[in-house]
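So the protein lines, in turn, are chains A and B.
Each residue of the first sequence is one higher than the one before, starting from 1 at the first, in my numbering.
Each residue of the second sequence is one higher than the one before, starting from 118 at the first, in my numbering.
The structure appears below as structure tokens.
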Amino acid sequence: MHELAITESILSIANQAAQENHGTKVTDIYVVIGQLSSIVDDSVQFYWDYISQGTVSEGAKLHFERRPAVLHCKSCDHQYPLGEILQPCPNCHSVDVFIESGEELLVDHIDILREEE
Amino acid sequence: MPQRVEIVKKIMDSNDRLAQNNQAILDQHHVYGINLMASPGAGKTSVILETIKRLPAGIKLGVIEGDTAPVTIDADKIVAAGIPAVQINTGGDCHLDANMVGMALPELPLEELNLILVENVGNLICPAGFQLGTHANVLIASVPEGDDKPYKYPKIYRGLDVLIINKIDLTPYIDFRMDYFQQGVEMLNPGLTTFALSAKTGKGFDAWIAWLTDKVKAK
Chain A
1 MHELAITESI
11 LSIANQAAQE
21 NHGTKVTDIY
31 VVIGQLSSIV
41 DDSVQFYWDY
51 ISQGTVSEGA
61 KLHFERRPAV
71 LHCKSCDHQY
81 PLGEILQPCP
91 NCHSVDVFIE
101 SGEELLVDHI
111 DILREEE
Chain B
118 MPQRVEIVKK
128 IMDSNDRLAQ
138 NNQAILDQHH
148 VYGINLMASP
158 GAGKTSVILE
168 TIKRLPAGIK
178 LGVIEGDTAP
188 VTIDADKIVA
198 AGIPAVQINT
208 GGDCHLDANM
218 VGMALPELPL
228 EELNLILVEN
238 VGNLICPAGF
248 QLGTHANVLI
258 ASVPEGDDKP
268 YKYPKIYRGL
278 DVLIINKIDL
288 TPYIDFRMDY
298 FQQGVEMLNP
308 GLTTFALSAK
318 TGKGFDAWIA
328 WLTDKVKAK
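In structure tokens, the structure reads:
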């Protein structure tokens, strides 16, 4: 359900960037979602189709780049994916790990059409 | 031809900025704020009520209650305990956000308070992404929920400042492996300040109250 708030933020970021760059239409929006961000693409798309209506971003295509969560073992330097469930290092069984990536939640870039000059 | 515009902006940016405003308001009034998260039934309201009973005289508490529906059961209990409380009805939303808390803050007598507990909506997923502007994110995990929760809901454990393990009086009756649970927590949030307690028996509350008192005094 928190996808509505997320979608509203994406829309506001895209519309503002389009305005600042004199865009007349946003054609594509590239969103990066880390695995730990718990965002469902389909829900965002569902809300998008409604809330983008009547804005410069109406009809823009949403592209989701999913970044898997990667753990880094401090004991043996092994890197491994978080997968479905958190697990100790498969190489040395240490639990002394840190999360290297997978927490991203950002708008990376958009494509816009500009006014004819 | 479409042209590319680089943005690289955090999607939570606008919420985070509102959260900073909230924190500035709390700081201005020397109020320490806590965002209390948990799954439904973990004992958020019970922990708040037991905390109210045990707070030292100098601590003046206010409570913001987040609920998905306009049901004032929880807020009524807090008010009955003599504590100012404001209810936020999220209208079905699964979490509180900084904007909702920002609207609730002026409804509390901030100049008379030095501690605010914000009871978030019972949920282990959605609240994790929304900073409220409080000074500490606290999760109440209760042992009947199972020892696998850090492994299944890693995100919420990542952003915590304090973990409360509630209902420890029930551990003899259920299969809750404290070692396994704490191992998961340690992987996600090394060295996390943790209080194991029971809102039913009061066991373990002294350490939690001492921590709260220190934070309020330092504010």
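Even for Gly, the Cβ is constructed at its ideal location relative to N, Cα and C.
From a predicted model like this one, the values you see are computed outputs, not experimental measurements.
Self-check item: C-beta neighbour in chain B for Val-56 of chain A, strict 9 angstroms
Solution: no
Exercise. Please decide whether Tyr-268 of chain B counts as near chain A, where near means a Cβ-Cβ distance under 9 angstroms.
Key: yes
Practice problem: Name, please, each residue of chain A whose Cβ falls closer than 9 angstroms to the Cβ of Gly-160 of chain B. | Solution: Those do not exist, as Gly-160 of chain B stays about 23 angstroms from chain A at its closest Cβ, beyond 9 angstroms.
Quiz item: Starting from Leu-135 of chain B and walking both ways along the beta strand (DSSP E), at which residues does that stretch end?
Solution: Counting along the chain, Leu-135 of chain B falls outside any beta strand (DSSP E), though it belongs to the alpha helix (DSSP H) covering 130–145.
Quiz item: If you count every other CB in all the chains shown that lies within 10 Å of the CB of Asn-91 of chain A, and 16 or more means buried, which is it?
Solution: exposed
Quiz prompt | Val-302 of chain B and Pro-267 of chain B closer than 9 angstroms at C-beta | solution = yes
Self-check item: Which residues DSSP lists as bridging Thr-311 of chain B, in chain order
Solution: B:Leu-280
Quiz item: Quick one: what does DSSP say Val-40 of chain A is sitting in, helix, strand or coil?
Solution: coil
Quiz item: Helix, strand or coil: how does DSSP classify Lys-320 of chain B here?
Solution: coil
Exercise. Evaluate Ile-165 of chain B with the Cβ neighbour count: other Cβ atoms within 10 Å of its Cβ, from every protein chain shown; 16 or more gives buried, anything less gives exposed.
Key: buried
Quiz item: Under 9 angstroms between C-beta atoms, does Ile-51 of chain A make it to chain B?
Solution: no
Practice problem: Work out the CA separation of Leu-105 of chain A and Arg-67 of chain A for me, nearest whole Å. | Solution: 10 angstroms
Quiz item: Shorter than 9 angstroms from the beta carbon of Phe-312 of chain B to some beta carbon of chain A?
Solution: no
Self-check item: For Lys-269 of chain B, three-class secondary structure by DSSP
Solution: helix
Quiz item: Name the chain A residues that come within less than 7 angstroms of Met-220 of chain B, Cβ to Cβ?
Solution: Simply none; closest approach about 15 angstroms.
Self-check item: DSSP state of Asn-240 of chain B mapped onto helix, strand, coil
Solution: coil
Exercise. May I have the straight-line CA-CA distance separating Val-255 of chain B from Glu-115 of chain A, to the nearest angstrom?
Key: 49 angstroms
Practice problem: Note down, in chain order, each residue of its chain lying with its Cβ closer than 6 angstroms to the Cβ of Ser-43 of chain A, except the 5 sequence neighbours on either side. | Solution: Glu-3
Exercise. Using a Cβ cut-off of 8 angstroms, pull out every chain A residue sitting near Met-295 of chain B, in sequence order please.
Key: Near Met-295 of chain B there are no residues of chain A at all, since even the closest Cβ is about 15 angstroms away, more than 8 angstroms.
Quiz item: Between A:Ser-57, A:Ser-94, A:Ile-85, which lies nearest to Asp-77 of chain A when the distance is taken from Cα to Cα?
Solution: A:Ser-94
Quiz item: Which residues in the same chain have their Cβ closer than 8 angstroms to the Cβ of Gln-79 of chain A, if we skip the five residues on either side of it in sequence?
Solution: Val-70, Leu-71, His-72, Cys-73, Glu-100
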